[in-house]
Structures are given as structure tokens and as C-alpha cells.
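Take a look at the structure set out below.
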Amino acid sequence: MLITIYLIAITTEAMSGALAAGRRRMDLFGVALIAFVTALGGGTVRDILLGHFPVSWTQHPEYIYLTVGAGLSTMLFARFIHHLRELFLILDAAGLVAFTLIGCNTALEMGYSQPIVVMAGLITGIFGGVLRDILCGQVPLVLKHELYASVSLLVALLYLALEHYQVPEDITLLAVFSTGLAIRLAAVRWHWTLPVFDYTREHW
Amino acid sequence: MLITIYLIAITTEAMSGALAAGRRRMDLFGVALIAFVTALGGGTVRDILLGHFPVSWTQHPEYIYLTVGAGLSTMLFARFIHHLRELFLILDAAGLVAFTLIGCNTALEMGYSQPIVVMAGLITGIFGGVLRDILCGQVPLVLKHELYASVSLLVALLYLALEHYQVPEDITLLAVFSTGLAIRLAAVRWHWTLPVFDYTREHW
Amino acid sequence: MLITIYLIAITTEAMSGALAAGRRRMDLFGVALIAFVTALGGGTVRDILLGHFPVSWTQHPEYIYLTVGAGLSTMLFARFIHHLRELFLILDAAGLVAFTLIGCNTALEMGYSQPIVVMAGLITGIFGGVLRDILCGQVPLVLKHELYASVSLLVALLYLALEHYQVPEDITLLAVFSTGLAIRLAAVRWHWTLPVFDYTREHW
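Residue numbers (this note's numbering), protein chains in the order written: chain A, 327 to 530; chain B, 327 to 530; chain C, 327 to 530.
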């Protein structure tokens, strides 16, 4: 089931990347690359930081086709996409949870300590979007906006706790997905934000 | 021969990097670093993604001297460089082909599957320029402009096809370089571009 | 002693990262991430480029707590920090030297050649700041400003020379730190800069 959600997640992320590329008036190639990087960049950064070679997508060329295909299709369907805004928010939130869990698992299997497992989940969850924003020449949204990274962090901590108490796998997944989705969608709905740090001096 | 073209290619890329640094009024050190990154960054990203350690330039310190030297020399000769515009376009196009072939070969030797071989060629071809543009604070040109990345992609596909049919090495090189150069120079000459995706909504 | 200076250094860098995040009005999470990346990003880039796995901070979760903690504390003390400007300049300069030495040592222990050892020192010294600036959406300061990277380069070269002549460890450290600090602080005090390359043509 996690795999199915993962495939939906990378498709959704690829589409969000394609739209970001479209806002910068990129060409076909730019759209394909940004779609690919947004969908698979988080896992790539995680694999490199953990020394997890070969990098996952190099063993799954079908992920390349899927994300590039989703990115390019977005060019055709772009005008209809905003009608599906609610659906995309839900898929994006489910994807964030799935990315986080897969990131945690990769680090767990490699025997990393718990703080690194949490970092691996977080990095997998947010770095696709960070790379997308850097390539699009803007400050990563995740550093400024809404509860997004925090959801990933909470999900990773909850997952580790449930694993620690050996809660059965299905209950863990159910708990983690419902918590993650609920917080993320509530954050979007009621504009929950973290406190902002506003520092205006140019030098210290 | 590929090695000679490679050395010319990294020199050309280093000079293009130095000029980009000059447009941002960087200092001597910035020029040297951007020259180095533009010339060797594509291969570095490829090596890291493929898990190909040690990274190539760490075994060839002479590449560091060559690219840094080319970058710094560019500061002296900058005022004359635009007279050589045609020459540079040709060298840059030949370099793109050489980078692509070397990237493909690295992945082939490591036993990666064909789609990854193509990605490795493409990444080697374009990521030096992507890193240059990110360090210079602008959206990577390759995502917006002309047929550049597409030439690298075509070259990689053609190379794999010719390898598959066991065409002799010299004929393969001749075919790949002439095709790559012809398309790239035609694209510059007649302003061939890919379709652009223009999406104006802020949110989906 | 180098470890103590290193811990002070990553704390200082984390605080500089947090202030940069505050200038971009980032939220709590953004501040924590930028603090972490500024402090530990240079060593991470070095480890990845050298193929030095596991990456250092993954074996020292306490570095994560220290840098994130320092970043978040900065939000509370920000209004007082500019009174300590001189202290921070000294700590930052000492940190630059410590980062450079640690980077050189990592490459030395892995058996890399001398030019790569120097590069490893330089990369450890400056890439935390480079990543901070990229994430904050600006051209890396180190490419434009003052003698900063050059100090790291000089320190690396001096360190290698003293090692080569088998100068005793304490004298080496004393020499390297006093030279590095003196040049860096003099560069800040008298606005020493490298020559700037100013190139205005859009195309070559």
C-alpha cells in the first residue's frame, strides 16, 4: 500500500513541479527536469547523505518515465488543474507522509541512530520542494510557509514512537497517515503558521 | 581524441563561468570558483549520483589548475573574447557532446541500465551550467533557452543506439559529434526553441 | 583543543545562519534548518565529494541539537547580538580556521593528494555559508566580499607546509590560528578585498 501511495505521491509532486516551472515560463525540457527533481530530489538527497548507493531511482527507471510523463502531461491539463485543488492538497499531504515514512525506513534499515532516522524522513519529505524552489530562483517556500516541514517532523517522531512500542504495522500506518493528513489539512484550512523570525539589521 | 576535446571543453566551460562571474562583479576568488564549478560540476554531480567514488577530478588535480587558470586568464582577455564568439560557440557545442559521451561511458562501465546511462550523459552535459547559474543567483538558462539540453539528450540516445549495433568506435564518434554540432549550431543560428509552458496562477 | 574550537565554531555559524534566516522572515523551522546547514553544510559537502561515508554529523547527533538549539536561541537573543559584534567576528574567524584544518585532515587521512587536501579544507571552510546564501536566495557573499575564502586557502597551504616540515603539532596549530585570525581580522578592519572582475556584455 505504501508503494501505491508513493507512486501517487511522486506523480503529484511532479505535477506541482511542472506548474512551478510554468510560472517561470520554462520550456518543455525545463518542465520535465523540474518535475523529476521535485518528485525524486528528496529521496536523492537522502540517499546521498546516508551513503545509500545506488541511489533509489537509478534502480527504477520507471520512476523517471512516470515523473517526466506526469510533468509533461501537466502542460496539457494545466487549465483544468485548479478545479481539482482540494484533491491535490490531499494527495500532496498523503505524499508528504509517505515520503517521510520511506525516508525513515531507509535510515532504519541502514542502522542509523534515531535522530538520523528522523532527519532522513524530514529530508525525504521536504527536499524535493527545496530543490524545485532553488531551481526556480526563489527562497524555498517550506522555510517560510504554513505547517509543512513540521508535519513531516511530527510524522517521523510518531512513526518512531509507534515502532518502538512495536505497534502492529497496519495500525501504525493508519495512525501516522490520519495524524499527518489531519494536521496538514487543518494547517492549510486555518492558516496555521509557526512564529516568524524577523531580523532587520544588515550586520551583526 | 575524446580526452583532447574534453580538455578543450572544460577550458571553454571555465571561461564561460568566469564571464558569468564577471557579470555579477565577483572577485578573483569568485571567478576561480565559478570557473571550476562550471567546468567540473556536471561530472561531479554525475559521479555523486552514480556513487562513482573517488570523484573524477580528485584524481586529476591538473583539471583544477586548468579550469582555475582558464577562469583567471579570462579576466585579462575578457575585452577581446567577444571577437571569438563563433569559435566559442563551436567549442562549447563540441564540449557538450564530449561531456555527454563521457557521462554515458561512466554509467555504462558501472553497469547501469540504459535509461540511467542516458541520464548520466545529460547530467554531465548540463549540470555545470545549472550550478553556475544557481551560484550566480539566476534561474538556470538551460531550463528556459534554446536547444541545449535536448542536444545532449539526442547525443546520448544516438550514442547508445550506435553502441547497441556495434558500430565501430571512430564512426560512432564521427556520427555523434557531427550530429550534435550540427543541431546545436543550427539551433543557435535559427533560434530553434522548445515549446514554453506559461502558467500564471499562483496556486493550484 | 581543536574540538572545543570546532564546537564554538559550529555554534557561531549556526547563529549567523539564524540571523540570515531572520533577514528573510523565515519561520521557526526555516531558522532551524538554515542554522543547521550553515554550521554543518561545509563538512557535509566535503564528505560527499571525498566519498567519506558515513557523513560526519550522522555519527554525532549532538551536533544537530547544538546547531538547531543555537539557531533557535538566536531568535530570543537577536536584539542583543549586535553588541557582541567584535566577539562574533573573532569566533567566526577562529571557526573558519578550525573548519579548514578539519577539512584538510579528513582528506589527508583518506590519502588524497595535496591539491585535494587544500580543496577539502577550503570547501569545509566556505560551503556552509554558500549553502546558507543559496537557500536565502542570494549570490554567495564569499564570492563577492572581503578576504574570507582566501584566508581559508592560505591557512590550508600553511598547514600543509608545516606538516610537510614535521613542525610539532602545537606550534603548527599556534602558527595557523594566529596567521588566519590576524589576516581575517585585518581584512575586516581595513576592508581588504580582492580585485573584482566586472564584465558587462550579455553574450560573448
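Glycine included, every Cβ here is placed at the ideal spot set by N, Cα and C.
- Beta-bridge annotation (DSSP): Asp-353/A is paired with Val-522/B.
- Under the three-state reduction of DSSP output, Ser-382/C falls in the helix class.
- Shown here, Ser-478/C sits in a helix according to DSSP, grouped into three states.
- Residue Leu-345/B holds the alpha-carbon nearest to the alpha-carbon of Ala-404/B among Ile-460/B, Leu-345/B, Gly-368/B and Ala-358/B.
- It is roughly 43 Å from the alpha-carbon of Glu-472/C to the alpha-carbon of Thr-393/A.
- When the five nearest sequence neighbours on each side are left out, the beta carbons in the same chain lying within less than 6 Å of the beta carbon of Gly-447/B are those of Thr-426, Gly-429, Cys-430 and Ala-482, in order along the chain.
- Of all alpha-carbon atoms in Met-327/A, Leu-467/A and Leu-434/A, the one lying nearest the alpha-carbon of Glu-528/B is that of Leu-467/A.
- Cβ proximity to chain A below 9 Å picks out Met-341, Ser-342, Ala-344, Leu-345, Ala-346, Ala-347, Gly-348, Arg-349, Arg-350, Arg-351, Met-352, Asp-353, Leu-354 and Phe-355 from the region 330-355 of chain C.
- Within the region 452-465 of chain B, Ile-460, Leu-461, Cys-462 and Gly-463 place their CB atoms closer than 7 Å to a CB of chain C, listed in sequence order.
- Neighbours of Ile-442/B in chain A, taken as residues at a C-beta separation under 7 Å, are given in chain order as Thr-384 and Pro-387.
- Those residues of the region 397-409 of chain A placed with their C-beta closer than 7 Å to a C-beta in chain B are Met-401, Ala-404, Ile-407 and His-408, ordered along the chain.
- C-alpha of Gly-437/A to C-alpha of Tyr-389/C: approximately 19 Å in a straight line.
- With a contact defined as Cβ atoms closer than 8 Å, Met-341/A and Ala-396/A qualify at about 6 Å.
- The region 399-413 of chain B and the region 501-512 of chain A do not touch, with fewer than 3 CB-CB distances between them shorter than 8 Å.
- The three-state reading of DSSP puts Tyr-391/A in helix, counting H, G and I together.
- For Ser-439/A, the number of other beta carbons within 10 angstroms of its own is below 16, and it is reported as exposed.
- Contacts with chain A at 8 Å (Cβ-Cβ) include Phe-523/B.
- Around the Cβ of Ala-475/C, a 10 Å sphere holds 16 or more other Cβ atoms; the residue is buried.
- By the neighbour-count definition (other C-beta atoms within 10 Å, threshold 16), Trp-518/A is an exposed residue.
- Here Pro-494/C carries a coil assignment [DSSP, helix/strand/coil].
- When Cβ pairs closer than 8 Å are counted between the two stretches, the region 477-491 of chain B is seen not to touch the region 356-373 of chain A, the count staying below three.
- Within the same chain, and ignoring the five residues on either side of Val-502/C in sequence, the residues whose Cβ sits closer than 8 Å to its Cβ are Val-423, Leu-427, Val-481, Leu-484, Tyr-485 and Leu-488.
- Against Leu-520/B, the close residues of chain A are Asp-353, Leu-354 and Phe-355, in the order they occur along the chain (beta-carbon pairs closer than 7 Å).
- For Gly-421/C, the enclosing alpha helix (DSSP H) stretches over residues 411-435.
- At a beta-carbon threshold of 9 Å, none of the residues of chain B lie near Arg-510/C; the nearest stands roughly 14 Å away.
- For Pro-441/A, the enclosing alpha helix (DSSP H) stretches over residues 440-461.
- With respect to the 8 Å criterion, Ile-442/C and Pro-387/B are classified as neighbours on the basis of their beta carbons.
- Nearest CB-CB separation between Gly-369/B and chain A: not below the 8 Å threshold.
- The residue from Arg-350/C, Ala-335/C and Ile-336/C with its alpha-carbon nearest to that of Tyr-525/A is Arg-350/C.
- Counting only residues of its own chain and dropping the five nearest sequence neighbours on each side, Ala-512/A has a CB closer than 7 Å to the CB of Trp-518.
- A Cβ-Cβ distance of about 19 Å is found for the pair Ala-433/B and Ile-331/B, leaving them out of contact under the 8 Å criterion.
- Assignment of Met-341/B by DSSP, reduced to helix, strand and coil, places it in the helix class.
- In this structure, Arg-458/B is the residue among Arg-458/B, Arg-515/B, Leu-333/B and Ala-335/B with its C-alpha nearest to the C-alpha of Val-357/B.
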